[in-house]
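> Mind looking over this structure? Questions follow.
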Amino acid sequence: KKPSEEMRSVLQLNGNGEEDNTIYTILCKRVVNGETAYIEESYVPLSVFPDIEDEDVCRKPFYDLIQEKGVKKIFKVVQTIEVSEVRGEAAALLKVNEGASGLLLHRLLIGSDSSPIAYTRLLGMGKKYKLMTEFERIK
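Position in the sequence shown counted from 1, then plus 4, gives you our numbering.
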């Protein structure tokens, strides 16, 4: 898939070859008690994870897949959490009215050379949230 300008910027893609410009877009819907709890969108360049098509990316944590099978390993994670309006396809998938408030979590995965490896955005609905984050330096 040809990357959007937003994702090209986030992932700092500036290559001229087709492989340099290919980003895999992964959309997973997480269901709890029969209802969509959140949607997870992940973006990873082909150059970082060339065999991603062979993986069941919605059944295994994205972070683990990159660490186990990615060309680059994760050195740092920058995470931002915000309340955001739910729009477009996300509102339809989450079965909420356009403009409803949702919890939006952004994760930028960064390699040891300080370049972005991948980006994930999780958007959830619900009345209760419990977030636990544990990061460990990977050697």
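The beta carbon of each residue, even a glycine, is placed where N, CA and C say it ideally should be.
Would you kindly report the start and end of the unbroken beta strand (DSSP E) that includes Ala94?
Counting along the chain, Ala94 falls outside any beta strand (DSSP E), though it belongs to the alpha helix (DSSP H) covering 92-98.
> Using three-state DSSP, classify Ile43 as helix, strand or coil.
If DSSP states are grouped into helix, strand and coil, Ile43 belongs with the strands.
> How is Arg34 classed by DSSP in three states: helix, strand or coil?
Reduced to three states, the DSSP call for Arg34 is strand.
> Short of 6 Å in beta carbon distance, which residues of its chain neighbour Cys62, apart from the five on each side in sequence? Order them along the chain.
For Cys62, where only same-chain residues beyond five positions count, the Cβ hits under 6 Å are Cys32.
> Which of the three DSSP states, helix, strand or coil, is assigned to Ser13?
Helix at Ser13.
> Pop quiz: Ala122 and Val52 are said to be a contact at Cβ under 8 Å. What is the actual Cβ separation, rounded to whole angstroms?
Contact holds; Cβ gap of about 6 Å.
> Just to confirm the assignment, what range does the alpha helix (DSSP H) spanning Glu72 have?
That run of the alpha helix (DSSP H) goes 66-73.
> Could you give the C-beta distance for Leu50 and Pro120, rounded to a whole number, given that I count them as a contact under 8 Å?
The Cβ separation is near 14 Å, so there is no contact.
> Since Thr84 sits in a beta bridge, which residues does DSSP pair it with?
Looking at the DSSP assignment, Thr84 forms a beta bridge with His110.
> Within the chosen definition, does the region 33-47 reach the region 72-89 through at least 3 CB pairs nearer than 8 Å?
Result no; under three Cβ-Cβ pairs closer than 8 Å.
> For Ile78, which of helix, strand or coil comes out of DSSP?
Coil.
> To the nearest angstrom, how far is it from the Cα of Met11 to the Cα of Val36?
Taking the straight line joining both Cα atoms gives about 29 Å.
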